[in-house]
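Novice: Here it is, the structure in full.
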Amino acid sequence: MTSEVQIVDRLGPEDLEQAVALELRSQDAPWSAAQVAEELARADGIRLGVRDGDGLLVGMLLAVPLAGTCHLLNLVVDPSRRRQGLARTLCERWLAEAAGACPDGVLLEVRAGNRPALGLYATLGFEPIGRRRGYYRTPPEDALVLARPVAT
Ligand SMILES: CC(C)(COP(=O)(O)OP(=O)(O)OC[C@H]1O[C@@H](n2cnc3c(N)ncnc32)[C@H](O)[C@@H]1OP(=O)(O)O)[C@@H](O)C(=O)NCCC(=O)NCCS
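Quick note: the sequence shown uses the working numbering, first residue 978, plus one each step.
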């Protein structure tokens, strides 16, 4: 990971504007402001961020523990900061935080054709456990369900 970035342990409602802007410039199907606001306000959520040297939010990971399993809701890195290890760093922090709250492991859905994300998750030891047909709407695509124990 490059040195001039800072990991934020707890994003919150005060980060809404920056988080929405990050979504808009980084995702093909960005979350709405209402979706982002709901997750930033969630008391039990894992809400990690990365800021650059100017304080700009350039990475975000949102996850939530549900019945012993920690579900990844959103992971995004600014296009100008990709392939610098930011997503890997966020995921490693997520896995460390999940270790306490999620004895049954971690789970995520990913577009079946999302090669960067699939490459990332493979390097982190995630394995496919299922496929949800037509899970994504815009554009339509199946989701692969990937899982991993919290400690490997
Ligand atoms: C997927 C995403 C989060 C990866 O972020 P990133 O910070 O660029 O990822 P990292 O630099 O930490 O990459 C870690 C590893 O993932 C894999 N990877 C990342 N991008 C890749 C790409 N474009 N092609 C192939 N493998 C890739 C590589 O194994 C990489 O390690 P390496 O650079 O040493 O080869 C980013 O591309 C993104 O925000 N995409 C849009 C949103 C998205 O798809 N989120 C995932 C939803 S499930």
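No residue lacks a Cβ here, since even glycine has one placed at the ideal position from N, Cα and C.
All values derive from a computational prediction rather than experimental measurement.
Given 6 Å as the limit, tell me if residue 1063 has its C-beta closer than that to any heavy atom belonging to ligand 1.
Specialist: It does: the Cβ of residue 1063 is within 6 Å (strictly closer) of some heavy atom of ligand 1.
Novice: Starting from the Cα of residue 1020, find the closest Cα among 1041, 1030 and 1005 and give me that residue.
Specialist: With distances taken between Cα atoms, residue 1020 lies closest to 1041.
Novice: Tell me which residue opens and which closes the alpha helix (DSSP H) that residue 1111 is part of.
Specialist: Not the alpha helix (DSSP H): residue 1111 falls in the beta strand (DSSP E), residues 1104-1113.
Novice: Considering Cα atoms alone, identify which of 1083, 1028, 1060 and 1077 is closest to residue 983.
Specialist: Answer by Cα proximity: 1028.
Novice: Scan the segment 997-1077 and note each continuous beta strand (DSSP E) run of 3 residues or more that stays entirely inside, going in chain order.
Specialist: As far as the segment 997-1077 is concerned, its whole beta strand (DSSP E) runs of at least 3 residues are 1023-1028, 1034-1043 and 1046-1054.
Novice: For residue 1053, which of 995, 986, 1111 and 999 has the nearest alpha-carbon?
Specialist: Minimum Cα distance to residue 1053 is reached at 999.
Novice: Should the segment 987-1001 be regarded as contacting the segment 1059-1072, the criterion being three or more beta carbon pairs within less than 8 Å?
Specialist: Counting Cβ pairs under 8 Å, fewer than three are found: no touch.
Novice: Examine ligand 1 and report whether any of its heavy atoms sits within less than 6 Å of the Cβ of residue 1011.
Specialist: Checking every heavy atom of ligand 1 against the Cβ of residue 1011, none is found closer than 6 Å.
Novice: What's the gap between the Cα of residue 1051 and the Cα of residue 1038?
Specialist: Rounded to whole angstroms, residue 1051 to residue 1038 spans 6 Å at the Cα level.
Novice: Cutting at 6 Å between CB atoms, please list the residues of its own chain near residue 1126, excluding the five before and the five after it.
Specialist: If we look at residue 1126 and ignore the five residues flanking it on each side, its Cβ neighbours are 1082.
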